Every structure is written in structure tokens, then in C-alpha cells.
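Undergrad: Numbering (my numbering), first residue to last: 60 to 273. Mind looking over this structure? Questions follow.
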Amino acid sequence: MFIAIEGTDGCGKTTIRKHLHHTLRENGADVLTLQGQSWLNPRSTEVITNAKYHRMPYPAEVILSAMVEEKEAMSDRIVLPHRPWRYIISDRYTLSDVVYGAELWGIPVESTLRAFVDSRVVQPDLVLFIDTPVDIAWRRLNERPKANRHPWDVQQVQRRLYELFQDSLERYRALAPVVRVDNSGVLADTLGRLPAVTPPRSAPGAIAGKEQSR
Numbered sequence: 060m061f062i063a064i065e066g067t068d069g070c071g072k073t074t075i076r077k078h079l080h081h082t083l084r085e086n087g088a089d090v091l092t093l094q095g096q097s098w099l100n101p102r103s104t105e106v107i108t109n110a111k112y113h114r115m116p117y118p119a120e121v122i123l124s125a126m127v128e129e130k131e132a133m134s135d136r137i138v139l140p141h142r143p144w145r146y147i148i149s150d151r152y153t154l155s156d157v158v159y160g161a162e163l164w165g166i167p168v169e170s171t172l173r174a175f176v177d178s179r180v181v182q183p184d185l186v187l188f189i190d191t192p193v194d195i196a197w198r199r200l201n202e203r204p205k206a207n208r209h210p211w212d213v214q215q216v217q218r219r220l221y222e223l224f225q226d227s228l229e230r231y232r233a234l235a236p237v238v239r240v241d242n243s244g245v246l247a248d249t250l251g252r253l254p255a256v257t258p259p260r261s262a263p264g265a266i267a268g269k270e271q272s273r
């Protein structure tokens, strides 16, 4: 099973990813955790890193093609080989591409969704959207060292990103099932709700009818 965890910066994705990893391992599952980019396609890596982290200008269609090619490489070389054998948990995936593409480069949400539909990109079996109010997420971001912050880690941009996530969820459900996880309160309460949205394994060491080799 392939699970993607989505949300704004500071929403708690990393904590929840670690919790899911630990819980699944305790239940006898093999788990592979990923970041939202694989950097397996050299050209798309060049475009995305230059545009996102160095603010180099590219036409929107070039950035969109790079995002799709990046996820196609990730799908072909990581997701498809591993999914029959173990859980995959990705900290961000295509929903973040939809949202950040719209905010950072003005790429329409529908254009990105359509590009993914028309591609070889493998979509998650389950997307967990960590719904954390902007003010709470912003406090967490402010606790990070300045060297670890991104150019878009400013409050007004984070607020727009949160609104874009909210506006995009229903349309994104045409690609993958989404479960909204309320993270507005105590983190322990959020973690306590997660097992209800985490699919159980049928048996330790097996997934999708495959036996694990040791």
C-alpha cells in the first residue's frame, strides 16, 4: 500500500510519518518512507531545484512537465517495484505539486491535475491531509532554525497554501482517496485517530498476496 501525507509546512507531517512507520513496523510490516521528490530524472531535477529554491524563471509549462517527469521516474523506479512488497509512506506527493505549482508559479490546479491523469504517475492508495490551522503550523515553523526555512515559509504564503489545499481536495479526489486528519488540538489526540484511517495488514510479512522474502 502506498500512503502519501500532505499538508502545509509545519502541519506535523514528519511526526505523523514517523508514527505510522513505527506503528506499521510494530505490526510486522515492512515500510519504505520517502520524501516527495526522488531526483531520479536529471533534467526535471535541474528545473525544479532552480525554480523552487533559486527562483530562476522558467515557463510554467516547463515546470509542469518537470513535475510530471519527476513523479513518473519515482513511480517507475520506486513505487511500482516496492508497492507489492511493503508499505510506502511519502512525505508529500502529487497533491503538493498541485498546490505549490499554483502558488509559486501560477500553474492552474486543473492543468496539473490533468497532466497527472494523462501521465504514468502512480497515485497513492490513500492520502492523509493533515489539517492544521495556519497559526498553529506557523508557530512550529518559527521554532525551526532560519537556515532550515524555505523562501515560501512566510505567514501570508503559508495561509494561501492552506487555502489552496482546502480548495483542491475535492478535485484531487478524482486521482486518489483523501482522508482529512484534524490536527487542531493535542498531537496525542491526532495520533490516536490515525489507526482508524490506516489500513490493517492481512498477515505479518505479506501484502497484496505477496510473501516477503527474508
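Cβ coordinates follow ideal geometry from the N, Cα and C atoms, glycine included. No experiment lies behind these values; they were computed from the predicted model shown.
Compute the beta-carbon to beta-carbon distance between valine 90 and leucine 83, rounded to the nearest angstrom, for a pair I have assumed lies under 8 Å.
TA: Right, their Cβ atoms sit about 5 Å apart.
Undergrad: Do the stretch 166-177 and the stretch 106-118 meet, that is, are 3 or more Cβ pairs less than 8 Å apart?
TA: No, the stretch 166-177 does not touch the stretch 106-118.
Undergrad: Might you give, ordered along the chain, the residues of its own chain that have their beta carbon closer than 6 Å to the beta carbon of glycine 69, omitting 5 neighbours on each side?
TA: Closer than 6 Å at the Cβ level, and outside the excluded window around glycine 69, lie Ala196, Arg199 and Leu200.
Undergrad: Whose C-beta lies closer than 6 Å to the C-beta of aspartate 184 among residues of the same chain, with five residues either side of it excluded?
TA: These residues qualify, in order along the chain: Met60 and Phe61.
Undergrad: Indicate the three-state DSSP secondary structure (helix, strand or coil) for threonine 92 in the structure shown.
TA: Of the three classes helix, strand and coil, the one that applies to threonine 92 here is strand, per DSSP.
Undergrad: Okay, do the stretch 186-193 and the stretch 230-241 touch, 3+ Cβ pairs below 8 Å being the bar?
TA: Touching, yes.
Undergrad: Is the distance from the Cβ of isoleucine 148 to the Cβ of leucine 79 below 7 Å?
TA: For isoleucine 148 and leucine 79, yes; Cβs fall inside 7 Å.
Undergrad: Keeping to the same chain, check which residues put their C-beta closer than 7 Å to that of arginine 218; ignore five residues upstream and five downstream.
TA: Cβ within range, chain order: Val193.
Undergrad: Nearest CA to the CA of glycine 244: which residue from Ala235, Pro143, Pro167 and Thr191?
TA: Here the closest residue by C-alpha is Thr191.
Undergrad: For the stretch 169-257, which segments carrying the alpha helix (DSSP H) assignment without a break, of at least 4 residues, lie completely within its bounds, in sequence order?
TA: Listed in chain order, the complete alpha helix (DSSP H) runs (minimum 4 residues) inside the stretch 169-257 are 193-201, 214-231 and 246-252.
Undergrad: Measure the C-alpha to C-alpha separation of alanine 110 and asparagine 86 and round it to an integer number of angstroms.
TA: Approximately 41 Å between the Cα atoms of the pair.
Undergrad: I want to check one thing, is the minimum distance from the CB of alanine 196 to the heavy atoms of the ligand MG below 6 Å?
TA: This structure lacks the ligand MG; in fact it carries no ligand of any kind.
Undergrad: When DSSP labels each residue in this structure, what does arginine 273 get in the three-state scheme?
TA: Low confidence applies here, because arginine 273 scores a pLDDT of 30, under 50, leaving its location unreliable and the question unanswered by this model.
Undergrad: To the nearest angstrom, how far is the alpha carbon of glycine 165 from that of tyrosine 112?
TA: When rounded, the distance between both Cα atoms is 16 Å.
Undergrad: Note the first and the last residue of the continuous beta strand (DSSP E) segment covering isoleucine 122.
TA: No beta strand (DSSP E) contains isoleucine 122, which is instead part of the alpha helix (DSSP H) from 119-133.
Undergrad: Run the CB neighbour count on isoleucine 75, radius 10 Å, all protein chains shown included, and call it buried at 16 or more, exposed below.
TA: Result: buried.
Undergrad: What residue range is occupied by the uninterrupted alpha helix (DSSP H) comprising serine 103?
TA: Residues 101-112.
Undergrad: Evaluate alanine 161 with the Cβ neighbour count: other Cβ atoms within 10 Å of its Cβ, from every protein chain shown; 16 or more gives buried, anything less gives exposed.
TA: Its Cβ being crowded by 16 or more others within 10 Å, alanine 161 is buried.
Undergrad: Is glutamate 65 near leucine 123, with beta carbons less than 7 Å apart?
TA: No.
Undergrad: What residues in its chain sit with their C-beta under 7 Å from that of serine 134, if we drop five residues either side in the sequence?
TA: Counting only Cβ-Cβ distances below 7 Å, and skipping sequence neighbours, we find Arg179, Val180 and Val181.
Undergrad: Quick check: is the beta carbon of alanine 132 nearer than 7 Å to any beta carbon in chain D?
TA: Of the protein chains in this structure there is only one, and it is not chain D.
Undergrad: Quick check: the Cα distance between glutamate 270 and proline 140, rounded to an integer number of angstroms?
TA: Residue confidence is low: glutamate 270 scores 35 on pLDDT, short of 50, so the model does not pin down where it sits. Its coordinate-derived value is still stated next. About 14 Å.
Undergrad: Can you tell me where the alpha helix (DSSP H) with serine 97 in it begins and where it stops?
TA: Note, serine 97: premise wrong, no alpha helix (DSSP H); not H, not E.
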